[in-house]
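If you use my numbering, the sequence shown corresponds to residues 17 to 219, in order.
Taking it in order: structure first as structure tokens, then the write-up.
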Amino acid sequence: MNRSNSKTSNPGIKGIIFDLDGTIVDVSYDWVQIKNDLETGGKPVLSFIQNLPEPEKTKKMKQLEQIEDKATKKASLKDGIKELFDYLEKMNLKKALVTNNSKRNVDFIIKKYRISFDLVMTRESGLWKPSGEAFLSVLERWKFHKNDCCVVGDSMFDVVAARDAAINRVIILSEDRNHSFPGHVKVFSTIKDLHRWFEEELN
Ligand SMILES: [Mg+2]
């Protein structure tokens, strides 16, 4: 896409910060089961593992990596992502990927589906959702104000991380009609619905 011929985008949104799993790709993780298997006592997996003494830390991390690698191999790009990304590029909007997944799995998905981001932050950054630190780091690197950005995710982790970074524009992809996301969160069931909304907002 030739950006020099692109339209000027709505000054209200300059960049989108996407989550990976459940947002860009369909993937099946049963986090309740995973937490049980890793015996985290209900705690978020990454911070639980990080705080373990060795050798348990390395052992549980390997266990988690095996689960994630298996899920990533089976993951499929969500319908409409390519078209949405083409549109965002045409509108000169930046795209970031912020995920708690590993760089290895992100590289696999990016290469397999030939998608690209202006900025990628994986768990190797040490900044994990639900902390908003990774989002703040994106804003800082892009020199964007929090109101310039919109977070697109699929879970409460994304909502909480956005709140932690004081980013108010939050979009969640969920097919659950009885979801309990807070009122300021926009919920769409498909990428195509989200694409349509962007077109209305940005044109
Ligand atoms: Mg997700």
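Don't be surprised by glycine CBs; every beta carbon is placed ideally from N, CA and C.
Exclusion of the five residues before and after residue 64 leaves 56 as the residues of its chain whose Cβ lies within less than 6 Å of its Cβ. Look at which beta carbons fall closer than 6 Å to any heavy atom of ligand 1; those residues are 35, 37, 38, 39, 169, 170 and 171. Distance from the CA atom of residue 155 to the CA atom of residue 95, rounded to whole angstroms, is 28 Å.
If you ignore the 5 residues before and after residue 47, its C-beta comes within less than 8 Å of the C-beta of 61, all in its own chain and listed in chain order. Contact annotation: the region 98–109 does not touch the region 135–151, with fewer than three C-beta pairs closer than 8 Å. Burial is judged here by how many other beta carbons sit within 10 angstroms of a residue's own beta carbon; residue 75 has fewer than 16 and is exposed. Under the DSSP assignment, residue 133 falls outside any alpha helix (DSSP H); it carries neither an H nor an E label.
For residue 68, there is no enclosing beta strand (DSSP E), as DSSP marks it with neither H nor E. For residue 168, there is no enclosing alpha helix (DSSP H); the residue is part of the beta strand (DSSP E) that begins and ends at 165–169. Where residue 189 is concerned, the enclosing beta strand (DSSP E) starts and stops at 186–189. In this structure, DSSP gives residue 137 an extended state, which the three-state scheme calls strand. In this structure, residue 177 sits near residue 148, with a CB-CB distance shorter than 8 Å.
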